[in-house]
Amino acid sequence: MTKKVTKIGVLCSGGDSPGMNAAIRAVVRTGIYHGLEVYGVMRGYSGMVEDDIVKMESRSVANIIQRGGTILKTARCKEFYTPEGRQIAYNNLKKKGINGLVVLGGDGSFKGAQTFSNEFDIPCIGLPGTIDKDIAGTEFTIGFDTAVNTAVEAIDKIRDTADAHDRLFIIEVMGRDAGYIALHSGIATGAENILIPEKKTDIDRVIKSLQEKEKRKKLVNLIVVAEGEDGGADQLAKTIKEKVPGLETRVCILGHIQRGGSPTCMDRLIASRMGYHAVECLIEGRHNVFVGIVNNRINYIPLNEAVKKKQRISDEWMDIVRILST
Ligand code: ADP
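Reminder that position 21 of the sequence shown reads as 385 in my numbering, one-by-one numbering, no gaps.
Now the structure itself:
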């Protein structure tokens, strides 16, 4: 029999993503609406281990829906990997009477939440916060839309300068194991090539198409590369300089700007919706699931099924990229 939750904690863990503040706001205000006490845990699981836990009021989350980053900060916590660390974390929650937890983070943070709630009587609900959009069981993750729009804005600017100088630009976007940001931003900016970890790159084909474009005097080219792709942008630039020396090539690594900034309307909406449902879940007595959205419906997926999604890119997308960039 699940105990009724009365006091809940909310934390952000692992990599940050824009929209986390909107989700925190939703959790705090939905919790207070239902008469719960809500606590903010600072710096992910570290705040649980170090007892850095603050009571949140409705006003604590005023004026944050539009802010990037997270007011609770986020961190990676080594101690939480150990049973001793998790025991200390549990004691600290227990001291405050916290009997439900909402964890915003990626699949790693969900694994931590799952392990913790298997060991102790504290139900955990996950909210998928990652710019990589690579968690199976949800079509949306908090932060992806902002990150991809930041990339699009930056790539549009790069195209202007590429065009002015007739240059080839290789733009590296975030995504160590996931190519969603590269795929979506590349298609939306009319990139000539998109290289992602999920699809084996045929480097000879890339070179051949650049050589052919050079012959036709099509010198402005954008290639969008996910950081996880073999060697990233620098390696690709080296290969291209060797094989097509006539092309003036520049590299631009977008880096951490993709994590920051004011969340888009879409990210604020999904963060608000998911945050609201996380609290509803705890009240209904659900535990150890994360909140996803599929076909515009809320989906609850067991935390232990939170795995990195390997996307299958249909050849149709790759055909579209190739045909539209000629
Ligand atoms: P993300 O949530 O972005 O995937 P990580 O994989 O770095 O990020 O995980 C974030 C934190 O979650 C870790 O620093 C650790 O504190 C906790 N965590 C991850 N995996 C486990 C695990 N198997 N057991 C306990 N804690 C874990």
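From the three backbone atoms N, C-alpha and C, an ideal C-beta is built for every residue, glycine too.
Asked: Assuming residue 464 is part of the beta strand (DSSP E), what are its boundary residues?; Found: 464-469
Asked: Hey, how far is the Cα of residue 573 from the Cα of residue 496?; Found: 29 Å
Asked: What is the residue span of the alpha helix (DSSP H) that residue 613 lies within?; Found: Note, residue 613: premise wrong, no alpha helix (DSSP H); beta strand (DSSP E) at 613-617.
Asked: Just to confirm my understanding: we take residue 671, look at its own chain, exclude 5 residues before and 5 after, and list those with CB closer than 8 Å. What are they?; Found: 471, 499, 500
Asked: Would you say the beta carbon of residue 471 is closer than 7 Å to some non-hydrogen atom of the ligand ADP?; Found: yes
Asked: So does residue 623 have its beta carbon nearer than 7 Å to some heavy atom of the ligand ADP?; Found: no
Asked: In whole angstroms, what is the alpha-carbon distance linking residue 413 and residue 510?; Found: 31 Å
Asked: For the ligand ADP, any of its heavy atoms closer than 7 Å to the Cβ of residue 408?; Found: yes
Asked: DSSP has residue 672 in a bridge; who is on the other side?; Found: 499
Asked: Just to confirm, is the Cβ distance from residue 534 to residue 583 under 8 Å?; Found: no
Asked: Run the proximity test for residue 736: is its beta-carbon closer than 7 Å to any non-hydrogen atom belonging to the ligand ADP?; Found: Any question about residue 736 goes unanswered here, given that the chain covers just 365 to 690.
Asked: Looking at the unbroken beta strand (DSSP E) that takes in residue 386, where does it start and where does it end?; Found: No beta strand (DSSP E) holds residue 386; the alpha helix (DSSP H) holding it covers 384-397.
Asked: If the criterion is Cβ atoms closer than 8 Å, does the pair residue 438 and residue 407 meet it?; Found: yes
Asked: Would you mind working out which of 603, 539, 642, 558 sits nearest residue 673, comparing C-alpha positions?; Found: 539
Asked: Taking the continuous alpha helix (DSSP H) assigned at residue 406, which residues delimit it?; Found: Where residue 406 is concerned, there is no enclosing alpha helix (DSSP H), given that its DSSP letter is neither H nor E.
Asked: Nearest CA to the CA of residue 513: which residue from 625, 659, 464?; Found: 625
Asked: With distances taken Cα to Cα, identify the nearest neighbour of residue 603 among 585, 580, 592, 570.; Found: 570
Asked: Considering only their Cβ atoms, is the gap separating residue 380 from residue 433 smaller than 8 Å?; Found: yes
Asked: Enumerate in chain order the residues of its own chain whose CB-to-CB distance from residue 642 is below 7 Å, with the five nearest sequence positions on each side excluded.; Found: 391, 466, 489, 491, 655
Asked: So residue 368 and residue 403 are in contact, right, with Cβ under 8 Å, and what is the actual spacing, rounded?; Found: 17 Å between Cβ atoms; not a contact.
Asked: Based on DSSP bridge pairs, tell me the residues matched to residue 661.; Found: 658
Asked: Measure the alpha-carbon distance for residue 374 versus residue 636 and round it to whole angstroms.; Found: 14 Å
Asked: Would you decide whether residue 645 is buried or exposed? Buried here means 16 or more other CB atoms lie within 10 Å of its CB.; Found: buried
Asked: Counting C-beta neighbours from all protein chains within 10 Å, is the total for residue 684 16 or more, i.e. buried, or is it exposed?; Found: exposed
Asked: In this structure, does DSSP put residue 639 in helix, strand or coil?; Found: helix
Asked: State the Cα-Cα distance for the pair residue 565 and residue 678, rounded to the nearest angstrom.; Found: 15 Å
Asked: My output table needs one value for residue 538: the three-state DSSP class, helix, strand or coil.; Found: coil
Asked: Should residue 611 and residue 515 be called a contact, given that it needs their Cβ atoms to be closer than 8 Å?; Found: no
Asked: Taking the C-alpha atoms as reference points, what is the distance between residue 354 and residue 647?; Found: Not covered by the structure: residue 354. The range shown for the chain is 365 to 690.
Asked: Could you give the DSSP three-state label for residue 315: helix, strand or coil?; Found: Missing from the structure shown is residue 315; the chain here goes from 365 to 690 and no further.
Asked: Would you mind sorting residue 631 into buried or exposed? The rule is 16 or more other CB atoms within 10 Å of its CB.; Found: buried
Asked: Identify the residues that DSSP records as bridge partners of residue 558: which are they?; Found: 588
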